[in-house]
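Under this note's numbering, the residue at position 146 of the sequence shown is numbered 1219, and the numbers go up by one with no gaps. By construction, the Cβ of each residue, glycine as well, lies at the ideal position given by its N, Cα and C atoms.
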Amino acid sequence: MDDDGPGRPPLDPEAGLPPGEPGRGGRVRWRLEVLEESPSTNAYVAGRARDGEAAGLVVAAEHQTAGRGRLDRSWVTPPRAALTFSLLLTPDEVPVHRWPWLPLLTGLAVAEGVERAAGVGTRLKWPNDVLADEAGAEAKVAGVLVERVERPGVEPPPGAAAVVGVGLNVTTTRAELPVPTATSLALAGAASTDRSALLRSVLEAFARRYDEWCGCAGGGLRPSYVRACGTLGRQVRVALPAGGALVGRAVDVDEEGRLLVDDGSRVHVLGAGDVVHVRPDRPRPGERMRG
Ligand code: BTN
């Protein structure tokens, strides 16, 4: 494969996986496939899941031509400027009501992997965004899209599969970003933009957090998420799918990954599907907000 110029080398399938025995000691055994181009790695991995693929498949695309975001939005990134990948998981032992934790734990793993491999501190925006600071203002550096895939014909019956998609802007320039509310690791002052090392680091963090999630009801995961989540403790404006908004203080995330918002008269319990977006109602003193 050719290098696309300075700062945009291709992914190295060897360096993109955690070292040693893949998934050693954990529940997942990662197998990485790198595609030069794919419409959407989530759609591709969902197809593989329906065809009976085992958990642990990781598919990364150097370029997505029809990348999907939450709520039918698109996810657009130039070739080799981002990490766009999807994981296939079969968390059979986890009851369905706890699956909404999957995007949250993924965001946490991305935050941990990015901090470790690129030295960029991030905050999580419930439910599926990872924010980084660019020139004093917070902006979205990564998004997570988790999709549930039923696979009735697959033997032995493992129940549904989960496709966990991550889009992480790495070397994307300001001119290349689709919206002013987005940023990239390079724009946020990353010490390294090596995508293979970033992928490995995110997969390592994900495997740890996934084991915690599969093994216990919240456990160390929830307190870690609460610490990393910038939404909590803030006055927020929640845009609702039917129109209108709820304004209140984001006070907690419950055992089912739902956001608790106190509007002064009662606490509202919101699943990710109950909201269009959650934004700070006003900036903190000295804080700048993009877009
Ligand atoms: C969002 O912020 O709305 C979620 C964005 C998720 C984008 C990733 S890129 C890899 C995977 N394939 C897709 O089509 N979408 C996800």
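From Gln1308 to Ala1133, what distance separates their C-alpha atoms?
Residue numbering aside, residue 1308 sits at position 235 when the sequence shown is read from its first letter. Residue numbering aside, residue 1133 sits at position 60 when the sequence shown is read from its first letter. The alpha-carbon atoms of Gln1308 and Ala1133 are separated by roughly 37 Å.
For Glu1135, which residues in the same chain have their Cβ closer than 6 Å to its Cβ, ignoring the five residues on either side in sequence?
As a working note, residue 1135 is residue 62 in the sequence shown. These residues qualify, in order along the chain: Glu1109, Pro1152, Arg1153.
Going by DSSP, which residues form a beta bridge with Phe1158?
Here residue 1158 corresponds to residue number 85 of the sequence shown, with the count starting at 1. The partner list for Phe1158 (beta bridge, DSSP) reads Ala1133, Val1239.
Could you check which residue in Arg1247, Gly1262, Gly1330, Leu1313 has the C-alpha nearest to that of Asp1206?
Sequence index remark: in the sequence shown, residue 1206 carries index 133 (1-based). Ranking Arg1247, Gly1262, Gly1330, Leu1313 by Cα distance to Asp1206 puts Gly1262 first.
Where does Val1149 sit, in a helix, a strand or coil, going by DSSP?
What you label residue 1149 is simply residue 76 of the sequence shown in a count that begins at 1. Val1149 falls in the coil class under three-state DSSP.
Inter-residue CB distance, Leu1161 and Val1236 (contact presumed, cutoff 8 Å)
Your numbering for residue 1161 matches position 88 in the sequence shown. Your numbering for residue 1236 matches position 163 in the sequence shown. Going by Cβ atoms, the distance from Leu1161 to Val1236 rounds to 6 Å, so yes, they are a contact pair.
Buried or exposed for Glu1277, please, with buried defined as at least 16 other CB atoms from any protein chain shown within 10 angstroms of its CB.
Here residue 1277 refers to the residue found at position 204 of the sequence shown. Glu1277 comes out buried.
Kindly give me the distance between the Cβ atoms of Leu1178 and Leu1294, rounded to whole angstroms, as I take these residues to be in contact under 8 Å.
Locating residue 1178 in the sequence shown gives position 105, counting from the first residue. Locating residue 1294 in the sequence shown gives position 221, counting from the first residue. Contact holds; Cβ gap of about 6 Å.
Does the ligand BTN have a heavy atom nearer than 6 Å to the CB of Thr1157?
For the purposes of this step, residue 1157 is identified with residue 84 of the sequence shown, where counting begins at 1. Indeed, a heavy atom of the ligand BTN lies less than 6 Å from the Cβ.
For Pro1095 and Gly1344, I'd like the C-alpha separation in whole angstroms.
Numbered from 1 along the sequence shown, position 22 holds the residue referred to as residue 1095. Numbered from 1 along the sequence shown, position 271 holds the residue referred to as residue 1344. With a pLDDT of 47 at Pro1095, under the threshold of 50, the modelled position of that residue is not reliable, and the figure given next carries that caveat. Approximately 34 Å between the Cα atoms of the pair.
In the structure shown, what three-state DSSP assignment does Thr1179 receive?
Locating residue 1179 in the sequence shown gives position 106, where the first residue counts as 1. If DSSP states are grouped into helix, strand and coil, Thr1179 belongs with the helices.
Could you have a look at Gly1214 and say whether DSSP puts it in helix, strand or coil?
Counting from 1 along the sequence shown, the entry for residue 1214 is found at position 141. At residue 1214 the sequence reads Val, which differs from the Gly that was named. Note: Val1214 maps to strand in three-state DSSP.
Taking 6 Å as the cut-off, is the C-beta of Arg1141 nearer than that to any heavy atom in the ligand BTN?
As a first step, residue 1141 must be located in the sequence shown, where it is residue number 68. Yes, the Cβ of Arg1141 comes within 6 Å of a heavy atom of the ligand BTN.
Whole-angstrom Cβ separation of Asp1335 and Val1320, contact assumed at under 8 Å?
Taking the first residue of the sequence shown as 1, we reach residue 1335 at position 262. Taking the first residue of the sequence shown as 1, we reach residue 1320 at position 247. In fact, because the Cβ distance is near 11 Å, the residues do not count as touching under 8 Å.
Distance, Cα to Cα, Ala1234 vs Val1167?
The sequence position of residue 1234 within the sequence shown is 161, counting from 1. The sequence position of residue 1167 within the sequence shown is 94, counting from 1. Looking at the two C-alpha atoms, the distance is approximately 11 Å.
If you follow the beta strand (DSSP E) that Thr1195 is in, where does it begin and where does it stop?
Along the sequence shown, one-based indexing puts residue 1195 at 122. Taken as a continuous stretch (DSSP letters only), the beta strand (DSSP E) holding Thr1195 covers 1195-1198.
Are the Cβ atoms of Gly1288 and Pro1173 separated by less than 7 Å?
Locating residue 1288 in the sequence shown gives position 215, counting from the first residue. Locating residue 1173 in the sequence shown gives position 100, counting from the first residue. The answer is no: Cβ separation not under 7 Å.
Between Gly1120 and Leu1105, is the Cβ-Cβ spacing less than 7 Å?
Residue 1120 sits at position 47 when you count from the first residue of the sequence shown. Residue 1105 sits at position 32 when you count from the first residue of the sequence shown. No.
So, with DSSP's three-state summary, where would you put Ser1111?
Taking the first residue of the sequence shown as 1, we reach residue 1111 at position 38. Strand.
Determine the contact status of Asn1201 and Gly1186, defining contact as a CB-CB distance below 7 Å.
One-based indexing of the sequence shown puts residue 1201 at position 128. One-based indexing of the sequence shown puts residue 1186 at position 113. It is not a contact, given that the beta carbons lie outside the stated cut-off.
State whether the region 1207-1214 contacts the region 1264-1278, with contact taken as three or more CB pairs (one from each stretch) at a distance under 8 Å.
no
Straight-line Cα distance separating Val1243 from Pro1082
Numbered from its first residue, the sequence shown carries residue 1082 at position 9. Numbered from its first residue, the sequence shown carries residue 1243 at position 170. Approximately 12 Å, taken between the alpha carbons.
Determine the closest residue to Val1183 out of Lys1213, Arg1171, Thr1163, with distance taken between C-alpha atoms.
As a first step, residue 1183 must be located in the sequence shown, where it is residue number 110. The candidate whose alpha carbon is nearest that of Val1183 is Lys1213.
For Glu1126, which residues in the same chain have their Cβ closer than 7 Å to its Cβ, ignoring the five residues on either side in sequence?
As a working note, residue 1126 is residue 53 in the sequence shown. The answer, listed in chain order, is Leu1161.
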